[in-house]
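Residues 3 to 293 (the working numbering) make up the sequence shown, in order.
Beta carbons are placed, not taken as given, at the ideal position from N, Cα and C, and that holds for glycine.
The structure displayed is predicted, hence computed values, not measured ones.
This report refers to the structure that appears directly beneath it.
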Amino acid sequence: MINRTVTFAKQNAPESWRIAARRAQLEAHNIRLRLAVPVSARSEFANVYHCAIRKTASQWITALFGDPIVYQYSGLLPYVPRYYKWEHPEPPPQGRVALSMFLSHRKFETIPKPERWRAFYVYRDPRDMVVSSYFSTLKTHGPMGDIPELRRQLADKPVKDGLLHLIGHLNKQGAFRALRSWVTAAEDERIALFRYEDLTGDRQADELDRLLRHCGITVPPDDLATLRQRYSFSRMRGNQTVSHYRRGSAGDWQNHFDDDLHQAFTTATGNLIDLLGYPAKHQVPAPRQGT
Numbered sequence: 003m004i005n006r007t008v009t010f011a012k013q014n015a016p017e018s019w020r021i022a023a024r025r026a027q028l029e030a031h032n033i034r035l036r037l038a039v040p041v042s043a044r045s046e047f048a049n050v051y052h053c054a055i056r057k058t059a060s061q062w063i064t065a066l067f068g069d070p071i072v073y074q075y076s077g078l079l080p081y082v083p084r085y086y087k088w089e090h091p092e093p094p095p096q097g098r099v100a101l102s103m104f105l106s107h108r109k110f111e112t113i114p115k116p117e118r119w120r121a122f123y124v125y126r127d128p129r130d131m132v133v134s135s136y137f138s139t140l141k142t143h144g145p146m147g148d149i150p151e152l153r154r155q156l157a158d159k160p161v162k163d164g165l166l167h168l169i170g171h172l173n174k175q176g177a178f179r180a181l182r183s184w185v186t187a188a189e190d191e192r193i194a195l196f197r198y199e200d201l202t203g204d205r206q207a208d209e210l211d212r213l214l215r216h217c218g219i220t221v222p223p224d225d226l227a228t229l230r231q232r233y234s235f236s237r238m239r240g241n242q243t244v245s246h247y248r249r250g251s252a253g254d255w256q257n258h259f260d261d262d263l264h265q266a267f268t269t270a271t272g273n274l275i276d277l278l279g280y281p282a283k284h285q286v287p288a289p290r291q292g293t
């Protein structure tokens, strides 16, 4: 009953109310961290920036960087720019991990930064991103930004037509161009790229350790093991109160893309799949049935 009530509130409360509530929750969370968690080691970086394209486990990463263990060994507090009506290129406060910054590499470069900083970018097979975005927009995503209008547009369409519409929408928004901008940018040791499939799959333990170390956060083995268990993606996905953790399996696009969808996707993205290193259509096994 409580879960249904919370879900109803998320779907029906005005966006400004929901953002204000989330800002208040984050500020209360950060106060609790300051008061209750002693900082035993500090990251050498004044800011860490989490940049991404949507549908790449942003909620998972936000939860991770808000964990008391991460704060204990970094002294960095979580900061979600959207909750504070952040506008590019305003710099986030120092001593924070700026989370869920959906920016192109060019826009990220223009943000004023402290002398010492780190950033990481999370990307995903954009075909799976399209499928995940479709079901999230249609069923579970909170009514923020253009979601309500897009949901109305998708609701009257068959799945295939909805996916075609969404590919065009994402292309018009510049989502695919933003992704391309990060993977083609000049190499910079301050910026690390991470694949969604590695962060949420069999390589999660190693990638979690790599992610934290890149951000100047060294967690002792026992505490790191706790984090690995606490943020096992399969465990979080099994929590039915976290609506965004839909199946999320790599290659789910194979169960939805036909020749028409492949053509529309290729027209919108060009050689993006090759640049990202994901298998082309002819390189993957036949779709799994009943999954």
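CB-CB under 6 Å to residue 151, same chain, minus the five flanking residues each way: which ones, in chain order?
none
Is the beta carbon of residue 196 less than 8 Å from the beta carbon of residue 213?
yes
Per DSSP, which one or two residues make a beta bridge with residue 80?
99
Do the CB positions of residue 75 and residue 54 come within less than 8 Å of each other?
Cβ distance not < 8 Å, so residue 75 and residue 54 don't count as in contact.
Would you mind sorting residue 146 into buried or exposed? The rule is 16 or more other CB atoms within 10 Å of its CB.
exposed
I'd like to know whether the C-beta atoms of residue 80 and residue 93 end up nearer to each other than 8 Å.
Between residue 80 and residue 93, the CB-CB gap reaches or exceeds 8 Å.
Would you give the residue range spanned by the alpha helix (DSSP H) that residue 49 belongs to?
It is not in any alpha helix (DSSP H) - residue 49 instead sits in the beta strand (DSSP E) that spans 49-54.
Would you mind giving the Cβ-Cβ distance between residue 83 and residue 35, rounded to the nearest angstrom? I have them listed as a contact below 8 Å.
Their Cβ separation, rounded to whole angstroms, is 19 Å, which puts residue 83 and residue 35 out of contact at 8 Å.
According to DSSP, is residue 179 helix, strand or coil?
In the structure shown, residue 179 sits in a helix (DSSP, three-state: H, G or I).
Could you spell out the range, first to last residue, of the alpha helix (DSSP H) harbouring residue 72?
70-74
Count the other C-beta atoms from every protein chain shown that fall within 10 angstroms of the C-beta of residue 95, then say buried if there are 16 or more, exposed otherwise.
exposed
So residue 62 is in the alpha helix (DSSP H); what residue range does that whole segment cover?
60-67
Just how far apart, CA to CA, sit residue 245 and residue 97?
In this prediction, residue 245 has a pLDDT of 43, which is less than 50 and means its spatial position is unreliable; nothing more can be read from the coordinates.
Check whether the stretch 173-192 and the stretch 271-280 are in contact - that is, three or more C-beta pairs closer than 8 Å.
yes
Considering just the uninterrupted stretch of the beta strand (DSSP E) at residue 136, what are its terminal residues?
No beta strand (DSSP E) holds residue 136; the alpha helix (DSSP H) holding it covers 128-137.
Taking the C-alpha atoms as reference points, what is the distance between residue 27 and residue 194?
29 Å
Only counting the same chain, and skipping five residues up and downstream in sequence, which positions put a Cβ closer than 8 Å to that of residue 169?
132, 263, 266, 267 and 270
Exposed or buried, residue 90, counting other C-beta atoms within 10 Å across all chains shown (16 or more means buried)?
exposed
Any idea if residue 177 is buried or exposed, counting beta-carbon neighbours within 10 angstroms, 16 or more meaning buried?
Buried is the label assigned to residue 177, since at least 16 other Cβ atoms lie within 10 Å of its Cβ.
On the premise that residue 140 lies in contact with residue 153, defined as a C-beta separation below 8 Å, what is that separation, rounded to the nearest angstrom?
6 Å
Suppose the cutoff is 8 Å on Cβ atoms and the five residues either side in sequence are ignored; what does the same chain contact list for residue 282 look like?
275 and 276
What separation, rounded to the nearest whole angstrom, lies between the Cα atoms of residue 175 and residue 103?
Each residue's alpha carbon lies about 15 Å from the other.
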